[in-house]
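According to UniProt numbering, the residues represented by the sequence shown are 1 to 274, in order.
Shown next, in structure tokens, is the structure this report addresses.
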Amino acid sequence: MTPATFNEDDRFPSYTGAVNRFGSWTRAKELAGVGETQTVECKGCGERFAHIGKHWNNSSCRWPALSSTQLELLTGVLMGDGTLLRDGTNCCIGIEMANREYLEWLDQRLQPFSTGVKLKHSSSEQLERAKEAPLDPIRNSTVLKPSYLLLTRRSPQLNRFRGWYDTYQKRYPSNLSLTPAIFQQWYCGDGTLNIRAKAANPHATITCKNEQDRAEFITSLFQEVGFEPTHRNGRFVFDVEDTSELLEWAGRAPPGFEYKWADTYKAYTELKPP
Ligand SMILES: [Zn+2]
Numbered sequence: 001m002t003p004a005t006f007n008e009d010d011r012f013p014s015y016t017g018a019v020n021r022f023g024s025w026t027r028a029k030e031l032a033g034v035g036e037t038q039t040v041e042c043k044g045c046g047e048r049f050a051h052i053g054k055h056w057n058n059s060s061c062r063w064p065a066l067s068s069t070q071l072e073l074l075t076g077v078l079m080g081d082g083t084l085l086r087d088g089t090n091c092c093i094g095i096e097m098a099n100r101e102y103l104e105w106l107d108q109r110l111q112p113f114s115t116g117v118k119l120k121h122s123s124s125e126q127l128e129r130a131k132e133a134p135l136d137p138i139r140n141s142t143v144l145k146p147s148y149l150l151l152t153r154r155s156p157q158l159n160r161f162r163g164w165y166d167t168y169q170k171r172y173p174s175n176l177s178l179t180p181a182i183f184q185q186w187y188c189g190d191g192t193l194n195i196r197a198k199a200a201n202p203h204a205t206i207t208c209k210n211e212q213d214r215a216e217f218i219t220s221l222f223q224e225v226g227f228e229p230t231h232r233n234g235r236f237v238f239d240v241e242d243t244s245e246l247l248e249w250a251g252r253a254p255p256g257f258e259y260k261w262a263d264t265y266k267a268y269t270e271l272k273p274p
């Protein structure tokens with residue numbers, strides 16, 4: 001059987017799709033250049049494992065601890081677009097978005113706890129979906145934009161986030177305190193920079209619908225670190241002065257989200273991904 005052309009977007013096809021197109025799952029993985037399973041070295045015994053979590057669970061080698069910085073990053077991710085996957089003894093965190101550059105930056109910082117950035121929905125998958133809709137998919141880049149997924153390994157240390165889901169919706173714990181790293185990831189996920197061509201100065205906004213009935217609590221998180229947002233319908237808005245100080249406090253913008261740190265409309269439009 002002659003394989004169809006393998007595009008970058010097809011690097012992680014669905015199982016059935018891959019078997020239909022390429023004859024076998026193994027062949028599909030070979031063509032995608034993912035035939036060889038990635039292994040990770042265990043610092044405890046020096047050996048390499050494809051499923052290192054399993055090794056740490058079932059041997060005398062212990063799980064290495066996530067650093068405090070890694071936990072801050074994941075706290076911020078979970079406050080924004082991240083999801084805690086709780087279907088097992090140990091939890092892991094998944095984050096799906098179109099911003100691959102940011103996910104790859106995050107992946108580096110979460111090693112060895114990140115399993116990498118994988119294509120979740122390819123452009124061609126989006127195209128297939130779009131074909132069934134009465135749209136012109138070819139010209140519509142929004143429809144065709146692929147999404148990517150970063151998944152962490154399952155770790156007992158991530159079970160601390162289970163309590164966020166004790167009710168039917170995600171809730172931040174009342175003992176939470178913001179740090180620059182936590183806020184930075186939260187802002188990448190749920191933040192917006194409101195900036196217009198004619199208006200000179202931008203306003204940062206955090207949209208937090210899941211906590212709009214706890215506006216005082218969210219406001220207090222910012223007050224503790226010296227900022228005073230105003231609240232309306234789950235949106236926490238910072239004035240011009242606070243915006244500038246808040247974004248400086250949050251530190252340098254992660255790759256892929258520089259536009260949310262822009263200080264002019266020109267910079268914003270140049271930095272924003274299409
Ligand atoms: Zn080991």
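The C-beta atom is built at its ideal place from N, Cα and C for all residues, glycine as well.
As the structure is a prediction and not an experimental result, all values here were calculated from the model.
Burial state of residue i, where buried means 16 or more other Cβ atoms lie within 10 Å
i: residue 168; result: exposed
i: residue 232; result: exposed
i: residue 92; result: buried
i: residue 184; result: buried
i: residue 139; result: Since pLDDT at residue 139 reaches only 46, below the 50 mark, its modelled position is unreliable, and the value read off the structure follows with that caveat. Exposed.
i: residue 102; result: buried
i: residue 39; result: exposed
i: residue 190; result: buried
i: residue 153; result: buried
i: residue 262; result: buried
i: residue 243; result: buried
i: residue 117; result: buried
i: residue 123; result: buried
i: residue 99; result: buried
i: residue 257; result: buried
i: residue 141; result: Residue confidence is low: residue 141 scores 49 on pLDDT, short of 50, so the model does not pin down where it sits. Its coordinate-derived value is still stated next. Exposed, by the Cβ-count rule.
Counterpart residues of residue i in DSSP-defined beta bridges
i: residue 235; result: 207, 232
i: residue 40; result: 49
i: residue 218; result: According to DSSP, which records beta bridges pairwise, residue 218 is partnered with nothing at all.
i: residue 97; result: 148
i: residue 191; result: 206
i: residue 83; result: 94
i: residue 225; result: Paired residue(s): none; residue 225 is not in a bridge.
i: residue 121; result: 147
Under 8 Å between C-beta atoms of residue i and residue j
i: residue 222; j: residue 193; result: no
i: residue 147; j: residue 121; result: yes
i: residue 157; j: residue 109; result: no
i: residue 161; j: residue 206; result: no
i: residue 238; j: residue 267; result: no
i: residue 260; j: residue 188; result: yes
i: residue 172; j: residue 228; result: no
i: residue 150; j: residue 107; result: yes
i: residue 84; j: residue 165; result: yes
Below-8 Å beta-carbon distance, residue i vs any chain C residue
i: residue 154; result: Looking for chain C here will not work: only one protein chain is present.
Using only Cβ atoms and a threshold of 6 Å, which residues come within that distance of a heavy atom of ligand 1? Order them by chain position. 42, 44, 45, 47, 55, 59, 61
Would you call the segment 60-74 and the segment 106-124 in contact, with 3 or more CB pairs under 8 Å? yes
For the structure I just gave you, are there three or more beta carbon pairs, one from the segment 199-207 and one from the segment 91-106, closer than 8 Å? no
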